[in-house]
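Only one structure is covered here, and it is reproduced in the block below.
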Amino acid sequence: MTGRDHGEPPRPDVPPQQPPAPPGFGPAPQPYAPAAPVRAPRRGMPRERAAVVAALAAAALAVAGFGWAVLGGAGGDPEPSAAGGASASPPSSPSAPVDKGDGKGTGTGPDTVDPNAGIKPGEAPIWLVENRVEVAGAGARQYGPWRVGEVVVRAVDKEVAGYGAADGREKWKVQLETPLCGVPKEPAAGGKLVVAVREGQGPTTHCNALRQIDLAAGKAGWKAPVPQENEYDRPLELQLAVSGDTVAVARSAVMSGFSATDGRKLFGTSKTGNCYPVAFGGGARLVLVRQCPDPGGAPGAVRPLLEEVDPATGAAKWGHAFGSGWTVGRVLSSDPLVAAAYHSGRKVWSLTAFTADGKVRSHGEAPFGTDQRCNGWGDGSGDMGGCPAAVADADTLYLAGGAPGRELGIDLTDHVIAVDLATGKEKWRAKAPDGRRIWPMALEGGKVVAYLWPEGKAAGAVVALKPADGAQEVLLQSPAGAAGAQEVFFPHGARTAWAGGRLFLLNGRVKSPEPGLVHHALLSFGK
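Each residue of the sequence shown is one higher than the one before, counting from 7 in this note's numbering.
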């Protein structure tokens with residue numbers, strides 16, 4: 007969970023039974039205190055040169071009376087900003103062409119480069135949508151993308167909007183009364199998206215209601231309160247997961263389930279000994295993570311219990327307790343079920359695959375690194391489905407990875423790594439060219455479909471990997487002129503989707519529109 011909820015969770019005092027050690031992967035991990043994560047500077051320019059360029063540009067623009075958007079660099083988090091991967095041009099005359107953010111333009115502002123300029127035969131043109139939503143402060147989190155039929159959808163602040171998948175033109179828009187405060191990874195069946203909304207306008211107002219939006223029709227549906235489960239149940243955010251027709255809602259030490267069809271409450275907080283719930287994972291199975299007393303730890307120490315629960319009742323079907331010092335960070339696949347856990351004391355992380363009835367199929371400490379959004383360490387979201395770069399078939403997990411780093415999360419995931427779920431051993435690694443990031447997105451036609459991120463002058467592409475050995479072929483190549491626009495979709499918060507032969511790339515955070523600046527929200531290229 008996010009740790010922002012009011013009140014403290016009840017302290018468990020009855021330990022669960024110690025599970026047998028998983029087969030074949032050595033001793034269980036031991037604890038440590040995690041070091042603070044180190045932010046890597048943005049690649050493409052040395053730190054010292056970036057600092058000098060930034061200082062000179064800021065000074066020059068300040069004298070001229072213009073604003074300047076920082077695109078990321080040494081120290082601090084990068085933010086989405088001007089197209090082309092460079093500072094935006096000053097506001098031009100009223101006659102200058104400006105993209106209106108309706109999908110009809112190139113997604114660029116005045117005096118910026120057309121990302122489709124110089125397109126070559128066989129390359130896939132891109133379309134871009136700017137953010138035109140006024141958001142509070144320095145920016146707001148953006149959710150999606152979801153493709154439903156011929157529409158792709160994004161959500162930000164109090165707005166959910168659908169765009170033509172082929173051209174990016176706005177098709178519909180739903181305005182909510184209050185801001186979003188929780189969104190699941192995927193909608194329920196039939197494109198029914200259920201989101202959490204605040205009781206008021208401010209960021210500190212409680213998150214206490216659910217709202218259904220029909221993404222196929224572009225219309226708002228039912229609204230239902232999330233009743234308090236106890237006196238501490240006053241959350242600022244909710245974690246949502248969808249399985250079947252159930253929307254599971256997790257917050258600090260509390261859980262409940264609702265029907266995506268009509269908003270009826272299906273179940274409330276259940277107890278397993280003195281374990282308390284902290285997060286859900288959705289998909290083909292509804293998975294619940296609880297914190298339980300650790301019999302071998304210090305007073306108040308806990309360890310995780312992973313359960314599969316019945317989406318209709320919330321009752322546990324089976325449970326698996328992890329060892330002391332471990333934290334379940336992510337559910338990387340729901341069918342087959344694969345969970346990532348980390349041990350901050352030993353600075354290692356592991357993959358555990360389960361059979362349909364909850365038995366450990368394989369378990370092992372990963373000898374490679376992965377993004378912290380894929381092992382759950384350090385991102386603070388509590389989102390069990392938050393990994394943007396993992397897919398699985400019946401026998402193999404395909405995950406973005408790379409060389410192990412000094413911390414549990416790494417910045418550059420320049421390999422797709424295939425892990426045998428029967429043994430937990432690595433099958434093969436497929437390296438991206440020129441040190442570029444590569445993210446597996448889907449399985450299609452017996453191949454792994456992955457997004458190859460841009461780097462330097464090389465624009466983004468979609469590639470297919472053979473599941474036997476990772477051999478690559480290019481499915482879609484975007485124009486070279488699109489590299490700059492794609493670079494402002496920062497990987498630390500971006501999400502991808504592959505549907506109907508098209509790539510959809512969403513910026514994880516957007517800012518309010520500003521004169522002379524463009525803030526790309528959504529990008530697509532494909533058939």
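We treat Cβ as the ideally placed atom computed from N, Cα and C, and that holds for glycine.
Could you tell me the distance, in whole angstroms, from the CA atom of residue i to the CA atom of residue j?
i    : j    : result
L415 : G386 : In the sequence as presented, Leu is not what sits at residue 415; that position holds Gly. Cα to Cα, the separation comes out at about 13 Å.
F531 : Q148 : 20 Å
G462 : G287 : 36 Å
A171 : D251 : 26 Å
E156 : R309 : 45 Å
K164 : L182 : 5 Å
A256 : L294 : 9 Å
H421 : E205 : 44 Å
V524 : P497 : 18 Å
D173 : L134 : 9 Å
E129 : I423 : 27 Å
N513 : G302 : 43 Å
E314 : K431 : 25 Å
G476 : A345 : 23 Å
V354 : K453 : 30 Å
V455 : V166 : 28 Å
P460 : A470 : 16 Å
A448 : A398 : 8 Å
K229 : L221 : 15 Å
P84  : K517 : Annotation note: pLDDT 39 at P84 (below 50); position unreliable, coordinate value reported separately. Spanning the two alpha carbons is a distance of roughly 12 Å.
G224 : D426 : 41 Å
A202 : G269 : 12 Å
V158 : G168 : 6 Å
D239 : V480 : 50 Å
L216 : G274 : 15 Å
R384 : S330 : A small correction: the amino acid at residue 384 is Gly; Arg does not occupy that position in the sequence shown. Each residue's alpha carbon lies about 19 Å from the other.
K437 : A304 : 43 Å
Please classify residue i: does DSSP put it in a helix, a strand, or coil?
i    : result
R48  : Confidence is the limiting factor: at R48 the pLDDT is only 38, short of 50, which leaves the residue's position unreliable, though a coordinate-based value still follows. R48: coil per DSSP, three-state reduction.
E413 : coil
C213 : strand
E493 : helix
R379 : helix
D440 : helix
A400 : coil
A488 : helix
A464 : strand
G227 : strand
G195 : According to the sequence shown, residue 195 is Ala rather than Gly. Residue state, collapsed to three classes: helix.
T267 : coil
V135 : strand
Q148 : strand
W445 : strand
V504 : It is worth fixing the name first, because residue 504 is Trp in this sequence and not Val. Reduced to three states, the DSSP call for W504 is strand.
R240 : coil
A291 : A small correction: the amino acid at residue 291 is Arg; Ala does not occupy that position in the sequence shown. Of the three classes helix, strand and coil, the one that applies to R291 here is coil, per DSSP.
V154 : strand
F286 : strand
V524 : coil
L275 : Per the sequence shown, residue 275 should be read as Thr rather than Leu. Coil.
T358 : strand
E129 : coil
K453 : strand
M390 : coil
Please name the residue or residues paired with residue i in a DSSP beta bridge.
i    : result
P310 : Q297
K179 : A167
Q218 : V200
V516 : A146
I423 : L405, R435
V159 : W152, G168
R245 : Looking at the sequence shown, residue 245 is not Arg but Gln. Paired residue(s): A256.
H498 : Beta-bridge pairing links H498 to no other residue.
F510 : A503, S530
For the ligand ADP, is there any heavy atom lying closer than 7 Å to the beta carbon of residue i?
i    : result
A290 : Ligands in the displayed structure: none, and consequently the ligand ADP is not present.
Anyone know if the C-beta pair for residue i and residue j falls short of 8 Å?
i    : j    : result
C213 : G188 : yes
L405 : L509 : no
T290 : P394 : At residue 290 the sequence reads Ala, which differs from the Thr that was named. For A290 and P394, no; Cβs fall outside 8 Å.
L418 : L357 : no
A467 : L482 : yes
N236 : V253 : no
G451 : G411 : no
A491 : M390 : no
A347 : G335 : yes
A194 : A266 : yes
P2   : R138 : Because the chain is modelled from 7 through 533, residue 2 falls outside the range shown and cannot be assessed.
R367 : A359 : yes
| request: At 3 residues or longer, and completely inside the region 307 to 356: list those beta strand (DSSP E) runs for me, N to C. | output: 308 to 315, 322 to 327, 332 to 340, 343 to 349
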